[in-house]
Amino acid sequence: MIEAMSGPKISTGGRNKGGTYVDRDKPAQIRFSNISAAKAVADAIRTSLGPKGMDKWSLVELSKAQDIEAGDGTTSVVVIAGALLDACSKLLQKGIHPTTISESFQKAADKGVEVLTAMSRPVELSDRETLLNSATTSLCSKVVSQYSSLLAPMSVDAVMRVIDPKTATSVDLHDIKITKKLGGTIDDCELVEGLVLTQKVSNTGVTRVEKAKIGLIQFCLSPPKTDMDNQIVVSDYAQMDRVLREERAYILNLVKQIKKAGCNVLLIQKSILRDALSDLALHFLNKMKIMVVKEIEREDIEFICKTLGTKPIAHIDHFTAEMLGTAELAEEVNLDGSGKLIKITGCTNPGKTVSIVVRGSNKLVIEEAERSIHDALCVIRCLVKKRALIAGGGAPEIEMAYCVRAYADALEVVPSTLAENAGLNPIATVTELRNRHAQGDIMTGINVRKGGISNILDELVVQPLLVSISALTLATETVRSILKIDDVVRYFSSKVQTFVKLLLNVICFLLQVNTR
1 MIEAMSGPKI
11 STGGRNKGGT
21 YVDRDKPAQI
31 RFSNISAAKA
41 VADAIRTSLG
51 PKGMDKWSLV
61 ELSKAQDIEA
71 GDGTTSVVVI
81 AGALLDACSK
91 LLQKGIHPTT
101 ISESFQKAAD
111 KGVEVLTAMS
121 RPVELSDRET
131 LLNSATTSLC
141 SKVVSQYSSL
151 LAPMSVDAVM
161 RVIDPKTATS
171 VDLHDIKITK
181 KLGGTIDDCE
191 LVEGLVLTQK
201 VSNTGVTRVE
211 KAKIGLIQFC
221 LSPPKTDMDN
231 QIVVSDYAQM
241 DRVLREERAY
251 ILNLVKQIKK
261 AGCNVLLIQK
271 SILRDALSDL
281 ALHFLNKMKI
291 MVVKEIERED
301 IEFICKTLGT
311 KPIAHIDHFT
321 AEMLGTAELA
331 EEVNLDGSGK
341 LIKITGCTNP
351 GKTVSIVVRG
361 SNKLVIEEAE
371 RSIHDALCVI
381 RCLVKKRALI
391 AGGGAPEIEM
401 AYCVRAYADA
411 LEVVPSTLAE
421 NAGLNPIATV
431 TELRNRHAQG
441 DIMTGINVRK
451 GGISNILDEL
461 VVQPLLVSIS
471 ALTLATETVR
481 SILKIDDVVR
491 YFSSKVQTFV
501 KLLLNVICFL
511 LQVNTR
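Everything in the sequence shown is counted per full-length UniProt numbering, starting at 1 for the first residue and increasing by one.
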C-alpha cells in the first residue's frame, strides 16, 4: 500500500525561469506522506471505538477539538478522518486534483449534516428518561460502565441543578466541581448540593457547626513581616517579653474582629509567602469556637464564593457581616477509615453549583470515573445546546452514505469498526445494514449487546445530534487542511544545525585558550 501511495517512480522534474531545478512530484509526495501519517494514527485508534473497543491513550488535536465542542465522540471523529484520508489517497492516485476533492468533500459534509438533522428527534429537557438513556449510552464504552445506573442519574441531576431548563442554551461545567477522594468504591460516589473540601479542619476541637456563617480570607493570621529580609536581635529579656506581648495582642485583635462579625467558620486561602495561620491564632480561634479550614487553593476561590454566597476578604478592615456566607451545616465527615471530607450544605443564598464526590480504591479507578462522569456531563450539555437526539450504533453513518460515493464509502468505517470490535462479520453486517436503511429503516443500527442488527432506538442506544454533526464537520475540515499541504520546510532543523555549529566553535575556542 505504501509503495502504491508513493506516486510514480519516474521523476518529472524541470527548470523554472531562474534555472533552478523543480521537482514536480514533490507536492503529491508530500500529500501522500501526510495522509499516511494521519491514517496510521486513525488505524491505531480504531480498536477503541464502541463499547467492545479497547481503551487507548492518544494526543490528537482533532480529538481535542471534538472534546471541546461536544465532549463525546472523540474516537469516532479520528476514525472518520482516517477513512476520509484513505478515500483521498485513492482519488489522488486517479489524478483528481486536491482542490476538487476538497470542495466535493465539503459539499458531502453539508449534505451529511442535512441528513443527520432530518433523522433526528427533538428532545425536551423535562424528559428525564431520555436524558438518562443518553448519559448511559455514553458510559457504555467506559471501564466503569457497570456503574452507569449510579453515574448516569448523578450526571443528569448535576446538569439540571446548575441551569434553568427553560432558557439555558449551554452549560458551564465549571459550576459542577468534581472532587476526588481516594478510598472506598465507585458505589460511594455522591452528588452534594453544596461545597465539599478535601482539606482537614485545622482545630480539632470544632468539627461541626450549625447555622454556619462562613468567611473566606486572603490575608494571613500571623505576625507581620517587613518587606525586606531583616533580622532583629533582642538581648534584653524585658524587650523580648514586650515583643511577645505585642505579637499576642496583634493576633488577638485580628481574631476578635473576625468573631465580632459573627463568623464561626473560617476558610483561609493558601499563602506562598509565609504561614497563613500561626499556632497562636489557631489557639485563639479554637477558644472562640470558630472552625478553621486552611490551604484553600486559589483556583477554588470563585467556585466557593459562588456556592456559599460569600465574598473573598483581602484585609481585616473589610471583614464585616455582609461579606459572610451562610449555611445550615458545616461539618467534617469521617469516610469509614479512608480519610475525612468537609461538607457545607444548606446554603442560604446558593449559586447554581453542585459538587460530585468521586471515590475509588486507587488513583487509576478514580481518574477513569472522573473522565467517565465528565463525558456524561458533556452529553447532557450537548442536548442543552442542541435539543435533538439520533440513533447510535452506526445508523447515522449508514444513512449518510448516499451522497458522494468515495465520501460515503469512508463513512462506513464506523459501522464496520463497531461490527469488527463486537466480533461480527463487518462485510455482512454493513451490507445488511445498508439494505435495511435502503428499505427506510433509518433507525437500524448495530446492537453489540445482542450481536446483531436491530432498531437501535428501541434499544435506547442514542446520542446527541451535536456529537455526530461535530464529528463529521471537524473530520472533513481536518482532511481538507491536509490536502492543502504540498510542501514541508524544515526551518527548525536548520536553526538547530546553526546553533550546534556555533556551540562547537565556542567550545573549540575555549579549548584553545585553555591550552595556551
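Positions of the beta carbon are idealized from the N, C-alpha and C atoms, including for glycine.
Count the C-beta pairs between the stretch 359-373 and the stretch 175-186 that are closer than 8 Å, then say yes if the count reaches three, no if not.
-> For the pair of segments examined, the stretch 359-373 was found to touch the stretch 175-186: the number of CB pairs separated by less than 8 Å reaches three.
Between which two residues does the beta strand (DSSP E) containing Ser454 stretch?
-> Judged by DSSP secondary structure, Ser454 falls within the beta strand (DSSP E) whose first and last residues are 452-455.
Determine the direct distance from the alpha carbon of Lys270 to that of Lys256, and round the result to whole angstroms.
-> Their Cα atoms are separated by approximately 22 Å.
Skipping 5 residues on each side, what residues in its chain have a beta carbon closer than 8 Å to that of Leu173?
-> Hits under 8 Å: His374, Leu377, Cys378, Arg381.
Would a check of beta-carbon distances place Leu411 closer than 7 Å to chain B?
-> Within the model displayed, chain B is absent; a lone protein chain is all it includes.
What is the DSSP secondary structure of residue 521, reduced to helix, strand or coil?
-> With the chain represented from 1 up to 516, any question about residue 521 goes unanswered, as that position is not in the structure.
Can you tell me where the alpha helix (DSSP H) with Lys363 in it begins and where it stops?
-> It spans 363-385 - the alpha helix (DSSP H) in which Lys363 sits, taken as one unbroken run.
Return helix, strand or coil for Ala212, following the three-state DSSP convention.
-> Per DSSP, reduced to three states, the secondary structure at Ala212 is strand.
So does Asn447 have its beta carbon nearer than 6 Å to some heavy atom of the ligand HEM?
-> The ligand HEM is not among the ligands present in this structure, which contains no ligands whatsoever.
Answer yes if the stretch 203-214 comes into contact with the stretch 164-178, meaning at least three C-beta pairs across the two stretches below 8 Å, and no otherwise.
-> Per the Cβ contact rule, the stretch 164-178 is not in contact with the stretch 203-214 (fewer than 3 Cβ pairs under 8 Å).
Ser481, buried or exposed, once every other Cβ within 10 Å from all chains shown has been counted against 16 | Ser481 sits exposed, since fewer than 16 C-beta atoms from the chains shown fall within 10 Å of its C-beta.
In the DSSP assignment, find the alpha helix (DSSP H) that holds Glu247 and state where it starts and stops.
-> Note, Glu247: alpha helix (DSSP H), 237-260.
Buried or exposed by the 16-neighbour rule on C-beta atoms within 10 Å, applied to Met291 = When all chains shown are included, Met291 counts as buried.
Thinking C-alpha only, which one of Ala395, Gly194, Glu299, Ile272 is nearest residue 518?
-> Only positions 1 to 516 of the chain appear in the structure, and residue 518 is not among them; the question remains open.
Are Leu474 and Ala70 touching if we call contact CB-CB under 7 Å?
-> In this structure, the beta-carbon distance from Leu474 to Ala70 does not fall below 7 Å.
Where do the ends of the beta strand (DSSP E) carrying Gly360 lie?
-> Counting along the chain, the beta strand (DSSP E) containing Gly360 begins and ends at 354-360.
Starting from Cys305, trace the alpha helix (DSSP H) both ways and give me its first and last residue.
-> In the DSSP annotation of this structure, the continuous segment of the alpha helix (DSSP H) that includes Cys305 starts and ends at 301-308.
Minimum C-alpha distance to Arg405 - residue among Ser278, Thr478, Ser104 = The residue with the shortest Cα to Cα distance from Arg405 is Ser104.
Hey, quick one: how far does the alpha helix (DSSP H) through Gly112 stretch, first residue to last?
-> DSSP places Gly112 inside the alpha helix (DSSP H), whose first and last residues are 98-119.
Where Leu244 and Ala238 are concerned, what is the direct C-alpha to C-alpha distance, given to the nearest angstrom?
-> C-alpha separation (whole angstroms): 10 Å.
Where does Lys64 land, buried or exposed, given buried means 16+ other C-beta within 10 angstroms?
-> So Lys64 counts as exposed.
Host beta strand (DSSP E) of Asn334 (start-end) = Per DSSP, the continuous beta strand (DSSP E) segment holding Asn334 begins and ends at 325-334.
Would you mind sorting Gln231 into buried or exposed? The rule is 16 or more other CB atoms within 10 Å of its CB.
-> Counting the other CB atoms within 10 Å of its CB gives Gln231 a total below 16, which places it among the exposed residues.
Is it true that the CB of Ile366 sits closer than 7 Å to the CB of residue 570?
-> Residue 570 lies beyond the range of the chain shown here (1 to 516); nothing can be said about it.
Quick one, are the C-beta atoms of Ala388 and Pro165 less than 7 Å apart?
-> Against a cut-off of 7 Å, the Cβ pair of Pro165 and Ala388 comes out as no contact.
Cα separation between Ala135 and Ser148?
-> When rounded, the distance between both Cα atoms is 8 Å.
Taking the alpha-carbon positions, what's the Lys177 to Ile68 distance?
-> So the two alpha carbons sit approximately 18 Å from each other.
Would you call the stretch 342-353 and the stretch 295-313 in contact, with 3 or more CB pairs under 8 Å?
-> A contact between stretches requires three or more CB pairs, one per stretch, nearer than 8 Å, and the stretch 342-353 meets this requirement with the stretch 295-313.
Between the C-alpha atoms of Lys340 and Thr130, what's the straight-line distance to the nearest angstrom?
-> Lys340 and Thr130: Cα-Cα distance of roughly 36 Å.
If you check the beta carbons only, do Leu411 and Glu432 fall under 7 Å apart?
-> No, they are not a contact pair.
Would Val479 pass as a contact of Leu85 if the rule is Cβ separation under 7 Å?
-> Yes; because the gap between Cβ atoms is below 7 Å, this pair is in contact.
Ile268 versus Ala471, Phe319, Leu216, residue with shortest Cα-Cα distance = When only C-alpha atoms are compared, the closest one is Leu216.
May I ask which residues mark the beginning and end of the alpha helix (DSSP H) holding Glu432?
-> 426-438 is the span of the alpha helix (DSSP H), which, as asked, contains Glu432.
Count the other C-beta atoms from every protein chain shown that fall within 10 angstroms of the C-beta of Lys56, then say buried if there are 16 or more, exposed otherwise.
-> Model confidence at Lys56 stands at a pLDDT of 42, short of 50, so the residue's coordinates are unreliable; what they give is reported in the following sentence. Exposed: under 16 other Cβ atoms inside 10 Å.
Skipping 5 residues on each side, what residues in its chain have a beta carbon closer than 6 Å to that of Ala87?
-> Excluding positions up to five away in sequence, the list reads Ala406, Ala410.
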